[in-house]
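**Q**
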Amino acid sequence: MRCYWNRAVSLLIATCILVFLMSKISERVITTEHDQGGRMLHQVRSTASAGRSPQEMQNRSIRGQGSKTRPSPFQAISESKIIARTVWQSQEKMRSVLPFNLTIQLLAGKPLPYKQYLTVGLSSVKRKKESYLLNTLQSIFSQSSPEELAQIVVVVLLAEFDANWVMETMESISKHFKDQLDQGLMLVIHTPQDQYPPLVGLKRNFNDPPDRVAFRSKQNVDYASLVHFSRNLSDYFIMLEDDVKCSKRFLTTIKKHIHSRGSSPWVTLEYSKLGYIGKLYHSMDLPLLARFLFLFYQEMPCDFLLSHFRTLLMQDKVIRYQPSLFQHMGTYSSFQGNLNHLKDSDFHESPADNPPADIHTDIIFYQNHRPENAYTQSSDFFWGKAPTLTNYFLVAFHSPVILSRIVINTGSKEKKDFISSAVVEAGLVSVRTGKGLNCLEFFLLGSFKNGQFEMNDVQKVVKSPFSCLRIRVTKDHDNWIIIQNIYLWTAR
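Numbering-wise, UniProt numbering puts 52 at position 52 of the sequence shown, and it's gapless, one number per residue.
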């Protein structure tokens with residue numbers, strides 16, 4: 001225990017120093033070095049250069065003195081196959097405070113001259129058994145609408161030291177996703193082996209065997225490279241694995257969730273409960289995250305480091321969207337090909353729409369477990385004192401909607417605090433009172449069974465638009481109640 005606390009204190013002190021140093025860094029530059037030897041300024045992001053023209057910012061950029069691009073060990077890959085070599089170098093000010101220079105090869109794709117809304121980043125390695133990379137990429141693109149695709153860029157890091165595998169995988173991606181590469185929707189990158197810190201003789205924290213320590217330590221550096229490369233490509237960055245399945249219109253759902261947060265500060269938003277799948281960050285935090293992962297690469301697994309990163313930047317609680325937008329689909333893990341049947345039970349391939357609405361109830365709620373928690377699809381919930389006959393929970397829509405599916409989950413994991421006697425009704429006429437929107441002319445949809453309510457093809461039963469959805473208690477309850485979530489799908 002004492003050893004653990006020593007490591008924790010050392011981690012905290014080192015991170016505080018890292019945060020302090022990064023706070024002094026105001027400007028970052030990305031330079032792209034082409035095969036012909038020419039140099040092109042790809043993009044400049046400066047938090048201190050608001051109002052300056054691109055030319056002025058370019059004139060201010062300073063290429064680091066004394067830095068040398070290390071030669072790639074990938075002699076088997078001809079220079080004609082490598083579209084460009086991207087060298088990410090810091091400003092002179094950054095170099096003097098906290099050096100972090102990496103040579104990253106851009107193997108395929110055309111970087112866009114402007115920022116996107118979201119970068120979807122994933123790292124892939126050679127697997128001993130089945131590969132899921134192409135299926136993952138297909139899921140990302142097929143589950144997104146044309147409007148959504150215009151707002152994202154996918155970055156694939158081929159994080160393998162086997163040159164033949166990198167070459168074959170790059171060619172396979174180029175064959176199956178040529179249009180996406182040509183349109184700048186996807187970039188394929190690689191970090192040469194000589195850019196990595198030592199991966200042998202590492203600390204054996206958590207009593208892991210040496211091969212697992214080496215695997216997870218390399219994985220931390222992989223993601224540090226991926227994050228570092230992606231820091232100027234978009235406003236937000238989401239981390240995935242190379243064996244996941246995406247829900248439909250995941251970008252639209254993410255945008256709505258970010259918008260619903262308003263001005264509330266956050267460091268990490270989570271869209272899956274598995275490991276580091278679906279972790280979303282502000283792009284402005286990526287330089288710090290890259291250095292954090294690189295600095296502590298041998299200390300602990302990546303998902304542990306990401307949790308520490310969140311808490312050290314003063315976000316104590318996990319902010320997780322439900323249902324999950326990403327599902328683990330691999331059967332064999334990337335580490336030694338072990339069987340891995342891990343699944344996210346909260347994943348919905350078609351996430352709920354939950355139209356804008358006001359939430360009202362006459363049930364007294366406990367502490368901060370407010371009524372709206374059940375509807376916002378967050379990790380929180382509504383917790384109310386024991387309801388009595390005729391108590392209600394009302395969802396008043398801002399505009400009438402036609403629903404196709406309704407799912408309401410109540411109770412806790414311990415099978416307590418569920419609604420035992422209540423009905424669900426559709427309000428067809430809305431009225432405005434001094435307390436806000438209310439409804440008249442209710443139509444009975446059904447009752448709760450074992451604390452749950454689910455109804456499909458709602459539009460076939462009630463063809464008129466809903467103004468409200470109401471849960472009405474039909475019997476006094478001895479227990480308090482928890483409404484975990486209310487999921488509503490609109491008819492299309």
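For glycine and all other residues, C-beta sits at the position ideal for the given N, C-alpha and C.
Is DSSP giving threonine 390 helix, strand or coil here?
**A** In this structure, threonine 390 counts as coil in the three-state DSSP scheme.
**Q** Is the stretch 202–214 in contact with the stretch 239–255, if contact means three or more CB pairs nearer than 8 Å?
**A** No contact exists between the stretch 202–214 and the stretch 239–255.
**Q** Give me, in chain order, the residues of the same chain whose beta-carbon lies closer than 6 Å to that of isoleucine 483; leave out the 5 immediate sequence neighbours on both sides.
**A** Closer than 6 Å at Cβ, skipping near neighbours: Ala374, Phe382, Thr410.
**Q** Return the CA-CA distance between glycine 262 and threonine 119, expressed in angstroms with no decimal places.
**A** Cα to Cα, glycine 262 sits roughly 21 Å from threonine 119.
**Q** Going by alpha carbons, who is nearest to valine 473 out of Asn391, Leu488, Val458?
**A** If we check each option's Cα against that of valine 473, Asn391 comes out closest.
**Q** According to DSSP, is tryptophan 266 helix, strand or coil?
**A** Note: tryptophan 266 maps to coil in three-state DSSP.
**Q** Enumerate in chain order the residues of its own chain whose CB-to-CB distance from serine 217 is below 8 Å, with the five nearest sequence positions on each side excluded.
**A** So the qualifying residues of the chain are Leu199, Leu202, Tyr297, Gln298.
**Q** Thinking just about the alpha-carbon of each residue, which of Phe466, Lys475, Gln180, Val213 is nearest to the one in arginine 405?
**A** Minimum Cα distance to arginine 405 is reached at Phe466.
**Q** Sort Ser174, Phe141, Lys175, Ile189 by Cα distance to residue 494 and report the nearest one.
**A** Since the first residue shown for the chain is 1 and the last is 492, residue 494 is missing from the structure and cannot be characterised.
**Q** To the nearest angstrom, how far is it from the Cα of tyrosine 321 to the Cα of isoleucine 486?
**A** Rounded to the nearest angstrom, the two C-alpha atoms are 13 Å apart.
**Q** Taking the C-alpha atoms as reference points, what is the distance between lysine 110 and aspartate 182?
**A** Looking at the two C-alpha atoms, the distance is approximately 6 Å.
**Q** By Cβ distance, which residues of its chain are closer than 7 Å to alanine 491, with the 5 residues on each side in sequence left out?
**A** If we look at alanine 491 and ignore the five residues flanking it on each side, its Cβ neighbours are Ile402, Leu403, Ser404, Gln459.
**Q** Could you give the DSSP three-state label for residue 494: helix, strand or coil?
**A** Since the displayed the chain opens at 1 and closes at 492, residue 494 lies outside it and no answer follows.
**Q** Give every residue of the same chain whose Cβ lies closer than 7 Å to the Cβ of phenylalanine 177, excluding the five residues on either side of it in the sequence, and list them in chain order.
**A** These residues qualify, in order along the chain: Leu137, Met186.
**Q** So if DSSP puts glutamine 327 in a beta bridge, which residue, or which two residues, is it bridged to?
**A** DSSP output for glutamine 327 lists Lys245 as bridge partner(s).
**Q** Would you list the residues sitting across from arginine 212 in a DSSP beta bridge?
**A** DSSP output for arginine 212 lists no bridge partner at all.
**Q** In its own chain, which residues sit with a C-beta less than 6 Å from the C-beta of phenylalanine 448, not counting the 5 before and 5 after it?
**A** Contacts found: Ile419, Ala422.
**Q** Rounded to a whole number of angstroms, what is the C-alpha to C-alpha distance between aspartate 358 and lysine 273?
**A** Rounded to whole angstroms, aspartate 358 to lysine 273 spans 28 Å at the Cα level.
**Q** Quick one: grab the DSSP three-state call for glycine 400.
**A** The question names glycine, but residue 400 is proline in the sequence shown. Three-state result, proline 400: strand.
**Q** Using a 10 Å radius around the Cβ and a threshold of 16 neighbouring Cβ atoms, would you call threonine 388 buried or exposed?
**A** The residue is exposed, with fewer than 16 neighbouring Cβ atoms inside 10 Å.
**Q** Compute the beta-carbon to beta-carbon distance between leucine 102 and glutamine 219, rounded to the nearest angstrom, for a pair I have assumed lies under 8 Å.
**A** So it is not a contact: roughly 16 Å between Cβ atoms.
**Q** Can you list, in chain order, the residues of its chain whose CB lies under 7 Å from that of alanine 426, leaving out five sequence neighbours each side?
**A** Closer than 7 Å at the Cβ level, and outside the excluded window around alanine 426, lie Phe442, Phe443, Leu445, Val462, Phe466, Leu469.
**Q** Looking at C-alpha atoms only, which residue of Val156, Glu171, Ala352, Asp208 is the closest neighbour of glycine 184?
**A** Nearest option by C-alpha distance: Val156.
**Q** What is the C-beta distance between tyrosine 236 and histidine 282, in whole angstroms, given that I count them as a contact (C-beta under 8 Å)?
**A** That pair is a contact at about 6 Å.
**Q** Find out if the Cβ-Cβ distance for the pair alanine 163, serine 123 is shorter than 8 Å.
**A** No, these two residues do not count as a Cβ contact at 8 Å.
**Q** Compute the Euclidean distance between the alpha carbons of lysine 256 and arginine 231, then round it to the nearest angstrom.
**A** Approximately 22 Å between the Cα atoms of the pair.
**Q** Among the candidates Leu305, Ser430, Val429, Pro323, whose CA atom is the shortest distance from the CA of threonine 253?
**A** Among Leu305, Ser430, Val429, Pro323, the Cα nearest to that of threonine 253 belongs to Pro323.
**Q** Quick one, which of Gly278, Gln105, Asp362 has its alpha-carbon nearest residue 531's?
**A** For residue 531 there is no data in the structure shown, the boundaries of the chain being 1 and 492.
**Q** Kindly list the residues whose CB is nearer than 7 Å to the CB of phenylalanine 161, restricted to its own chain and excluding five residues on each side of it in sequence; keep chain order.
**A** Counting only Cβ-Cβ distances below 7 Å, and skipping sequence neighbours, we find Gln193.
**Q** Would you mind reading off the limits of the alpha helix (DSSP H) that contains arginine 310?
**A** Per DSSP, arginine 310 belongs to the alpha helix (DSSP H) from 302–312.
**Q** Which class does aspartate 285 belong to by DSSP, given the choice of helix, strand or coil?
**A** Three-state DSSP puts aspartate 285 in a helix.
**Q** Along the chain, where does the beta strand (DSSP E) containing isoleucine 319 start, and where does it finish?
**A** Neither: isoleucine 319 is in no beta strand (DSSP E) and is coded neither H nor E.
**Q** Since glutamate 454 sits in a beta bridge, which residues does DSSP pair it with?
**A** DSSP, once it has assigned bridges, lists Val407 as partnering glutamate 454.
**Q** Leaving out five residues before and five after aspartate 211 in sequence, what residues of the same chain have Cβ atoms less than 7 Å from its Cβ?
**A** Answer for aspartate 211: no residue qualifies.
**Q** Give the straight-line distance between the Cα atoms of serine 412 and glutamine 452, rounded to the nearest whole angstrom.
**A** If you take the alpha carbons of serine 412 and glutamine 452, they lie about 12 Å apart.
**Q** For leucine 133, which residues of its own chain have a beta-carbon under 6 Å away from its beta-carbon, when the five flanking residues on both sides are left out?
**A** Taken in chain order, the residues that qualify are Ser124, Asp242.
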